[in-house]
Every structure is written in structure tokens, then in C-alpha cells.
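Trainee:
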Amino acid sequence: MEISNSSSKVKMIASGVIPFVFLIVMIVFIFGPGSYLLDLGVPLPEITLEQIDFVDSEIQVTVRNTGPIPVEVVMADVNDRIQPAAIEPDRFLERFETALVRIPFEWNTAEPYTVGLTVEDGTRFERAIEAAAPALKLNLEFIGFFAIIGTYVGIIPVMIGLLWLPFIKKISKSKYHFFLALTAGLLLFLGIDSIEEAFE
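Residue numbering for the sequence shown follows the numbering used here, starting at 10 and increasing by one per position.
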């Protein structure tokens, strides 16, 4: 009886230790003699032109290094024409680092532009803008514009609903349910329409 108990304990310990030993051996092999298995080829540079702003006589490009290796931005172009550019804070980008590329350029509103950046190995990355538009600036006019929109979207509908409150209280329950269903249906329609436009 004692022999069978000790044998079962040994089997239980072995079943827990053996997979752990195999795991250690596999890790040692991969980072040792089998390190060649991790060599998946030469890493390639990859940058993303995240945002392009058109300001007074200048195009500003926010670029991020999304690749596996550091890169150096060496050249900028607009519509395939090389342009002088200033890069802030510098042209060397570590992984996931961002920089601002300032390109002096006399652009025209509503015209299409293709902005390209080239890294040190000659790889070029570009982003097309269908119609140039001035970048929005945070000023009193801008704040006032959104305040008006917020008033129309948020405050005025609530005030109208409060004006309807006495009428809603006096109608019958069936009519109340009708208006409630109508409102829910309208909100559902607007939600589905917004989702469709987002996918488009």
C-alpha cells in the first residue's frame, strides 16, 4: 500500500517537472545553438505619416517610426518634387518616436497634394491629401463656433423637451407609449445611419 502511494507521488512530481525541464531545454536551445531560427530576415524601416497640417506657407507633417529599427529621415518631397525641410527635434527617430517635419511650401486650398518622406536607405513613404484645407486653430472664433453647435445639439433639444413636458403629462398612456416608441425608433435610425457612414 505504501509502495503504491509513493509510486503515485513520484508520477505526480514527474508529470509536473518533466514539462518544465523540456521548456527550459527549448529556451536554452533557441537562445543558444538554435538562435538562427529567430533570424527572420533583414528588418525593414517603416514610418507613418500620421498627420498633415496646412498652415501659412508651410506643410507640417507629424511622422512616427513604426518599424523595428531606428531610422533617419533624409528627404521630403511634395508632389514628387524635393523640398527643403526642417525636422524637429531631429531627423533620427528611434522606434515609436515622433517628429515634426516642416516643409516651406506655397499651397493652394482645395488642391490635391502628395507628401513623401525618404529614409536613409532610400525607402520612400507617402501620404496623399485629396484637398488641402487650412489647419484649424484654437481661437475665440473656433471656440464660439463649437459653442453654437453644442447649443443647437444639446441645450435647445432639452429645452424643447421640457416645454413638451406638460403636454406629455396630460396625454393618455397609449399616446405616451406611441411618442416613446417614435423617439426610440428615431434614435435607433440615427444610430444605424451613423454606423453606416462611419464604415463608408
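From the three backbone atoms N, C-alpha and C, an ideal C-beta is built for every residue, glycine too.
#1: Going along the chain, which residues of its own chain have a beta-carbon closer than 7 Å to the beta-carbon of E103, five neighbours each way excluded?
#2: Roughly how many angstroms separate the alpha carbons of I61 and T192, rounded to a whole number?
#3: If you drop the 5 nearest sequence neighbours on each side, which residues of the same chain put their C-beta closer than 8 Å to that of F105?
#4: To the nearest angstrom, how far is it from the Cα of I214 to the Cα of R133?
#5: In three-state terms, what does DSSP make of P98?
#6: If A141 sits next to Y122, beta carbons under 8 Å apart, how far is it from one beta carbon to the other, in whole angstroms?
#7: Report all residues from its chain with a CB closer than 7 Å to the CB of K127; omit the five preceding and five following residues, and keep chain order.
#8: Measuring alpha carbon to alpha carbon, tell me which of P77, Q92, E129 ends up nearest F101.
#9: Give the secondary structure of V26 by DSSP, where H, G and I count as helix, E and B as strand, and everything else as coil.
#10: Would you call G125 buried or exposed, if buried means 16 or more other Cβ atoms sit within 10 Å of its Cβ?
Mentor: Based on what the coordinates show:
#1: Translated into positions along the sequence shown, residue 103 becomes position 94. Here the set comprises N74, P79.
#2: If you number the sequence shown from 1, residue 61 lands on position 52. If you number the sequence shown from 1, residue 192 lands on position 183. Rounded to the nearest angstrom, the two C-alpha atoms are 41 Å apart.
#3: On the sequence shown, residue 105 is found 96 positions in, with the first residue counted as 1. Cβ neighbours of F105 beyond the five flanking positions: R73, N74, T75.
#4: With the chain running from 10 to 209 in the structure shown, residue 214 is simply not present.
#5: Looking up residue 98 in the sequence shown gives position 89. Here P98 sits in coil by DSSP.
#6: What you label residue 141 is simply residue 132 of the sequence shown in a count that begins at 1. What you label residue 122 is simply residue 113 of the sequence shown in a count that begins at 1. Right, their Cβ atoms sit about 6 Å apart.
#7: For the purposes of this step, residue 127 is taken as the residue at position 118 of the sequence shown. Looking at the sequence itself, residue 127 is Thr, so the reference to Lys does not match. Excluding its 5 nearest sequence neighbours in each direction, T127 has C-beta neighbours in its own chain below 7 Å: V83, M84, R133, listed in chain order.
#8: In the sequence shown, counting from the first residue as 1, residue 101 sits at position 92. Considering only alpha carbons, the answer is E129.
#9: As a first step, residue 26 must be located in the sequence shown, where it is residue number 17. In the three-state scheme derived from DSSP, where H, G and I count as helix and E and B as strand, V26 is classed as helix.
#10: By 1-based counting over the sequence shown, the position of residue 125 is 116. Classification for G125: buried.
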